[in-house]
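Reading through the C-alpha cells given below for one structure.
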Amino acid sequence: MKKILALLLTLIFLTAAASSCFAEASNRKKIVVLATGGTIAGVGEAGKTAGYKPGTLTAEQLLYAVPELEQVADIEAIQVCNVNSDDITAEIWLTLANTINEMAKAPDVAGFVITHGTDTMEETAYFLNLTVRTDKPVVLTGSMRPATSISADGPMNLYEAVCVAASDEAVGHGVLIVFSDRIYAARTMTKTSTYSVMAISAGEMGAIGVVRDGTVFLYETPSKRHTTEAEFDVTDLSTLPKVSILYFSVDADPELLRFAAEHADGLVIAGAGAGEFSEKWIEIIRELSIPVVISSRIDDGVITKDNLLCDNTVAANNLSPQKAAILLRLALTGDTSQEYLENLFLQY
Ligand code: ASP
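When the letters of the sequence shown are read in order and numbered with our numbering, they come out as residues 2 to 349.
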C-alpha cells in the first residue's frame, strides 16, 4: 500500500514538474510567431536529411505539427517571408524589427518566436538584439533536419522556443536562441556544425540556460547593451549601409581590399590570429578612408586596440566578423568617427 502511495505521489510530482509551461486557457499568454523559412520549413525526400528545399512549409503548417502548443500559448502566426536564410536581407531584418517594435506595444502580446534558417540565424539574432525596443522575450529557433526527415528536430525546437517566449524568466535577457534544449544569448550564439542537430553553440561562452519538458531554466544574463538599452533607431530606415567582410589567408590578394572599399561604406577584416594580415594588406588598409573593423577568423578570442596593425582601424572586441559587420552597418547610419566606433565596439 505504502509503495502504491509513493508511486502515485512520484507520478503527481513528475506530472507537475513537466507541465510548467502548460497554462489554463484563461492564463495563456499571446505569443506571435514570425516565420521566415529555413530548414525547419524544409521539405525533401521522405526520411532524408540532405537535398531538401528550405522555406517551403508555412507558419500554419509548422504550428500544426506541434499540437501541444495549444496548451502553452495563444499563438498568432505571421509569414514574414519563406526563404533559405542565406537569402535573408537587410530589408527583411528591418521588417522583423519594426513589426516586433510595433506589436510589442500591445499589452496582450507577451513575446515573439522567429522561425529561421540556421545558416544566418546568429546574424538576424544579433541585429534584432540591437534594434528591438522591448523587454518582452524575442526567441529565434530553427532546425537542422527538414520536416520530412526521420526524427526531424523542428517541432521540439519550436515547442521549446514558445515555452521560453511565454516564460516570465526570459523577460529582459535580450534576444535569445532556443535550439536542442539549450538557450543562447544573441551576441555569443554561433553555428558550429554543417550537419549535426547540435549545430548551434556559443563557443567558450556557452549556453545561458536550458529547457526541459517545457520548463525554462536561465542561469546567466547578458551584460553587453541590448534591446531597450541599445541606441539604434531603425524605424525610418528602408535599408542599411553596405559593409563587406574580407577574409585573410596566405597570399590573399590585396587588390580585393581596394575593390571592396570602392563598393562599400565600411569593411570588416577576418584576420589571422589576433586580427593580423600581411605587409601588403597593411600598406593598402592604411590608405583606406572608409571605416575598417578588425575581427579574426579564429572563433575564440578577443582583439584589443593593442593588437591593431593599422592606426586607422577599430578592434572588433570578441565579435565574429559577421557580427562585427552588423554593428558597423548600424553604426554607419549615424556617426562614423573612429572614436565613436571604438566606443561602440567596447559597449555592444
Ligand atoms: N540553409 C538552411 C538555412 O539556413 C540551413 C538551415 O536552416 O539549417 O535556411
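From the three backbone atoms N, C-alpha and C, an ideal C-beta is built for every residue, glycine too.
Residue environment: Phe260 is assigned as exposed (fewer than 16 neighbouring CB atoms within 10 Å of its CB, all protein chains considered). Here the distance from the Cβ of Thr59 to the nearest heavy atom of ligand 1 is not below 7 Å.
Taking the C-beta atoms as reference points, Ala91 is found nearer than 8 Å to Thr240. Residues Gly38, Ala42, Asn83, Val84, Asn85 of the same chain have their beta carbon placed closer than 6 Å to that of Gly56, with the five preceding and five following residues left out of the count. In this structure, Gly52 has its beta carbon at no less than 7 Å from each heavy atom of ligand 1.
In the pairwise beta carbon analysis, the region 286-295 is classified as touching the region 262-273: at least three pairs are separated by under 8 Å. A contact between stretches requires three or more CB pairs, one per stretch, nearer than 8 Å, and the region 220-231 meets this requirement with the region 191-210. Rounded to the nearest angstrom, the gap between the Cα atoms of Ala36 and Glu256 is 40 Å. The Cβ atoms of Cys22 and Ala166 lie no closer than 8 Å to each other. Its chain contains Ala271, Arg298 as the residues whose beta carbon lies nearer than 7 Å to that of Tyr248, once the 5 sequence neighbours on both sides are disregarded; these appear in chain order. Within 10 angstroms of the beta-carbon of Glu232 lie fewer than 16 other beta-carbons, which makes it exposed.
Within its own chain, the residues whose Cβ lies closer than 6 Å to the Cβ of Leu333, once the five positions on either side in sequence are excluded, are Pro242, Asp266, Gly267, listed in chain order. Taking C-beta atoms under 8 Å as the contact rule, Phe113 and Val140 qualify, at a distance of about 7 Å. Relative to ligand 1, the beta carbon of Thr228 is positioned no closer than 7 Å to any heavy atom. The beta-carbon separation of Asn99 and Val235, rounded to 7 Å, stays under the 8 Å limit for a contact.
In the three-state scheme derived from DSSP, where H, G and I count as helix and E and B as strand, Ala126 is classed as helix.
Leu159 is positioned such that its CB atom lies closer than 8 Å to that of Val67. Cβ atoms of Ala316 and Leu309 come within 8 Å of each other, at about 6 Å. Just so you know, the alpha carbons of Gly204 and Gly302 end up roughly 10 Å apart. The straight-line gap separating the alpha-carbon atoms of Val34 and Ile246 is approximately 32 Å.
In this structure, Gly143 sits near Thr119, with a CB-CB distance shorter than 8 Å. In the assembly as shown, Lys324 is a buried residue. Its beta-carbon has 16 or more other beta-carbons within 10 Å. Gly175 sits close to Thr228, with the two beta carbons spaced by under 8 Å. Inter-residue distance for Ala153 and Tyr65 is about 14 Å (C-alpha atoms, whole angstroms).
Contact between Ala148 and Gly155 holds, since their C-beta atoms are separated by about 6 Å, short of 8 Å. With a threshold of 7 Å, the Cβ atom of Gly45 does not count as near ligand 1, since no heavy atom of the ligand is closer than that.
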